[in-house]
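Engineer: Numbering (this note's numbering), first residue to last: 62 to 233.
Beta carbons are placed, not taken as given, at the ideal position from N, Cα and C, and that holds for glycine.
Note that the structure is predicted; figures quoted are calculated from it, not measured.
What follows is the structure in structure tokens.
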């Protein structure tokens, strides 16, 4: 097995363990002050680079997930429904897969996702950590307001009800 494969497996095991611990031991983290979302760019499954600023001015829900993560895959259908329902009000989900492009592409072939899906691999793990995922949990989700400020961080499962409680005041 290649060294890269071993690194990915080790990162996956650490992320899974962090996700389980986060779900069991912590409640969602709400920042006391909004922090600016830093600029970053990641490729989609076809390799095309996308800058996060492409969605500036929208309410962005940025979800770090992995194909091997059960809770991640469970929340995706709710994200699809919310994206469909609120896209015209400025809501934009953005998935960032902490996975290899081949696994993500295979998963995407099995589900009709209606929002951008970027592939972070090891870079995505570092980015999630930079954005506040100190427990290395997956799923890990950020809510970013129209002004580009991170207003909520959420390690672990993020239900439709929890999302709506945060974004309803932000919708037009």
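1) Span of the beta strand (DSSP E) holding residue 158?
2) In the DSSP assignment, find the unbroken beta strand (DSSP E) run with residue 121 in it and report its ends.
3) Could you tell me the distance, in whole angstroms, from the CA atom of residue 82 to the CA atom of residue 174?
4) I need the boundaries of the beta strand (DSSP E) containing residue 110, first residue and last residue.
5) Would you mind reading off the limits of the beta strand (DSSP E) that contains residue 201?
6) Give every residue of the same chain whose Cβ lies closer than 7 angstroms to the Cβ of residue 169, excluding the five residues on either side of it in the sequence, and list them in chain order.
7) DSSP on residue 223, reduced to helix/strand/coil?
Structural biologist: Result, derived from the coordinates:
1) Within the chain shown, the letter at position 97 stands for residue 158. 152–158 is the span of the beta strand (DSSP E), which, as asked, contains residue 158.
2) In the chain shown, counting from the first residue as 1, residue 121 sits at position 60. For residue 121, the enclosing beta strand (DSSP E) stretches over residues 120–126.
3) Counted from its first residue, the chain shown places residue 82 at position 21. Counted from its first residue, the chain shown places residue 174 at position 113. The pLDDT assigned to residue 82 is 40, lower than 50, so where the model puts this residue is not dependable; a value taken from the coordinates is nonetheless given after this. Taking the straight line from one Cα to the other gives about 28 angstroms.
4) The residue you call residue 110 lines up with position 49 of the chain shown. For residue 110, the uninterrupted beta strand (DSSP E) run begins and ends at 110–112, by DSSP.
5) Within the chain shown, the letter at position 140 stands for residue 201. Looking at the DSSP string, the run of the beta strand (DSSP E) that includes residue 201 is 201–205.
6) Position 108 of the chain shown holds residue 169. These residues qualify, in order along the chain: 106, 178.
7) Translated into positions along the chain shown, residue 223 becomes position 162. Correct three-state label for residue 223: helix.
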